[in-house]
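Here's the structure, in structure tokens; my notes come after.
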């Protein structure tokens, strides 16, 4: 059967899922002691400091200075021309910013480029699963992470969720592209610019009276916050694929993990917090992701906005009930209830029933050729719904996408 194109699936599959990465993600409110050992990280060692109290000090001070000096408009204008990993930084950047960016754009010594081609093969083969899972598991999960939901809601991007999703789609496309971390790719550029955005949000959000009233933290986007978002993406995706019994060769699984380890590093997560294996990732996620999930008024509003986006596609087959049922299937009844997603008597049981045989047919484990015509028609209709779901957030996408340093919070709050 035809597969969604690499560009469409990887652009749109990451749209919702990357919301936290380009928006703001935050950690557990629990006061439990940090116990995960840095021996399980890509660094293999570290201080073992609680990541809830570690941020990104160098870039934080730098961007705060850019904002205070009034340099951000000029910097944004110059950086619009910087789009490829191997492209020289534009002339005219402040010297301190240029120095930081030259260092921040370098891949770590542990980057195994030989595995990245395998990661691309994985993205090609599993594009539909990735698109749906990034969107309706990872992305919708972000609205059930309290600190993330509040920070997204009150930051500048919260004023225009369509625009935010269009920009966050870029991360999903870039990481899955064949040249993601190569000189002619764009993933490094996307990550470095996003790291600057994170620093600006750390500086700006504490000045918002609305955010400070709702938040239970002084500064957003700690190392733990970014780890929460990280686990809502690759760890959540892999957990779903394993749960659906999708056969994944070990080499592809390792390569997919590597691509996200590199993404985390380039986004500013310290190496001592990046898991070195899926076992370590699952262990860490149990400590930093699972305990934080909870409802908030802001998260409920964001979820409703996202589920209504399907109606903006002319002639589309997606409706709010279908998108809500996909979210319920991916995240479960409890989180769907938190987000006030109503039950649907048609789509809830239909998706629950059709998903296992759908995966089996796609993986060649179940032969549909001799099935009754009605069953085959139902399969193809379900396939089309999932394709539309994976491609939903491509609507309205225009190139080039410019990720820019914000200078203010949400003007509506």
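In mature numbering (1 follows the signal peptide of the UniProt record, and there is no 0), the protein residues as written are -30 to -1, 1 to 383. Yeah, the Cβ is synthetic: ideal placement off N, Cα and C, and Gly gets one too. Quick caveat: nothing in here was measured; it's all calculated off a predicted structure.
| Asked | Found |
| --- | --- |
| Going by DSSP in three states, residue 167 sits in which element: helix, strand or coil? | helix |
| Closest by CA to residue 351, which one among 330, 324, 335, 275? | 324 |
| As a quick exercise: from 165, 327, 144, pick the residue whose alpha carbon is nearest that of residue 336. | 327 |
| Spell out a yes or no on whether the stretch 53 to 63 and the stretch 85 to 104 are touching, meaning 3 or more CB-CB pairs, one atom from each, closer than 8 Å. | no |
| For residue 90 and residue 228, I'd like the C-alpha separation in whole angstroms. | 11 Å |
| Using the three-state DSSP reduction, which class does residue 245 fall into: helix, strand or coil? | strand |
| How is the alpha helix (DSSP H) around residue 377 delimited, first residue to last? | Neither: residue 377 is in no alpha helix (DSSP H) and is coded neither H nor E. |
| Please report the distance separating the alpha-carbon of residue -14 from that of residue 97. | Here the model assigns residue -14 a pLDDT of 48, short of 50, so the residue's position is not dependable and the matter cannot be decided. |
| Write down every uninterrupted run of the alpha helix (DSSP H) in the stretch 252 to 316 whose length is 4 residues or greater and which is fully enclosed by it, in chain order. | 267 to 277, 290 to 301, 303 to 308 |
| Give the C-beta separation of residue 169 and residue 33 to the nearest angstrom, bearing in mind that I take them to be a contact with Cβ-Cβ under 8 Å. | 4 Å |
| Return the CA-CA distance between residue 312 and residue 101, expressed in angstroms with no decimal places. | 23 Å |
| Out of curiosity, what's the CA-to-CA distance linking residue 8 and residue 16? | 5 Å |
| Among the residues of its own chain, which have a CB less than 6 Å from the CB of residue 4, if the five just before and after it don't count? | 20 |
| Starting from the C-beta of residue 377, find all residues in its chain whose C-beta is less than 7 Å away, skip the five residues before and the five after it, and write them out in chain order. | 37, 42 |
| Specify, as a first and last residue, the run of the alpha helix (DSSP H) that residue 206 falls within. | 206 to 213 |
| Compare the Cα-Cα distances from residue 245 to each of 274, 219, 194, 216 and report the closest residue. | 194 |
| Exposed or buried, residue 234, counting other C-beta atoms within 10 Å across all chains shown (16 or more means buried)? | buried |
| Can you check the stretch 28 to 91 for any alpha helix (DSSP H) of at least 4 residues that lies completely inside it and give the ranges in chain order? | 42 to 49, 65 to 74 |
| With 16 as the cutoff for other CB atoms within 10 Å, does residue 51 come out buried or exposed? | exposed |
| Kindly indicate which residue of 231, 216, 125, 124 has the alpha-carbon position closest to the one of residue 79. | 231 |
| Looking at the structure shown, is residue 108 part of a helix, part of a strand, or coil, going by DSSP? | helix |
| Under the assumption that residue 375 contacts residue 140 (Cβ atoms under 8 Å), give the Cβ distance between them as a whole number of angstroms. | Incorrect: roughly 16 Å between the Cβ atoms, too far for contact. |
| Using the rule of at least 16 other Cβ atoms within 10 Å of the residue's Cβ for burial, across every protein chain shown, is residue 163 buried or exposed? | buried |
| Which same chain residues, not among the five before or five after residue 200, have their C-beta less than 6 Å away from its C-beta? | 234 |
| Going by beta-carbon coordinates alone, are residue 49 and residue 62 separated by less than 8 Å? | no |
| Just grab the DSSP bridge partners of residue 125 for me. | 379 |
| Which residue from 307, 125, 144 puts its Cα closest to that of residue 185? | 125 |
| Could you spell out where the alpha helix (DSSP H) holding residue 193 opens and where it closes? | 193 to 200 |
| Could you pull out every residue in the same chain whose Cβ sits closer than 6 Å to the Cβ of residue 153, ignoring the five residues on either side in sequence? | 55, 56 |
| Could you spell out where the alpha helix (DSSP H) holding residue 177 opens and where it closes? | Taken as a continuous stretch (DSSP letters only), residue 177 belongs to no alpha helix (DSSP H), as it is neither H nor E. |
| Does the stretch 301 to 309 touch the stretch 268 to 275, meaning 3 or more C-beta pairs lie closer than 8 Å? | yes |
| What separation, rounded to the nearest whole angstrom, lies between the Cα atoms of residue 28 and residue 241? | 16 Å |
| Can you tell which of 215, 70, 188 has its C-alpha closest to the C-alpha of residue 330? | 215 |
| Is it true that the CB of residue 218 sits closer than 8 Å to the CB of residue 25? | no |
| Quick one, are the C-beta atoms of residue 255 and residue 297 less than 8 Å apart? | no |
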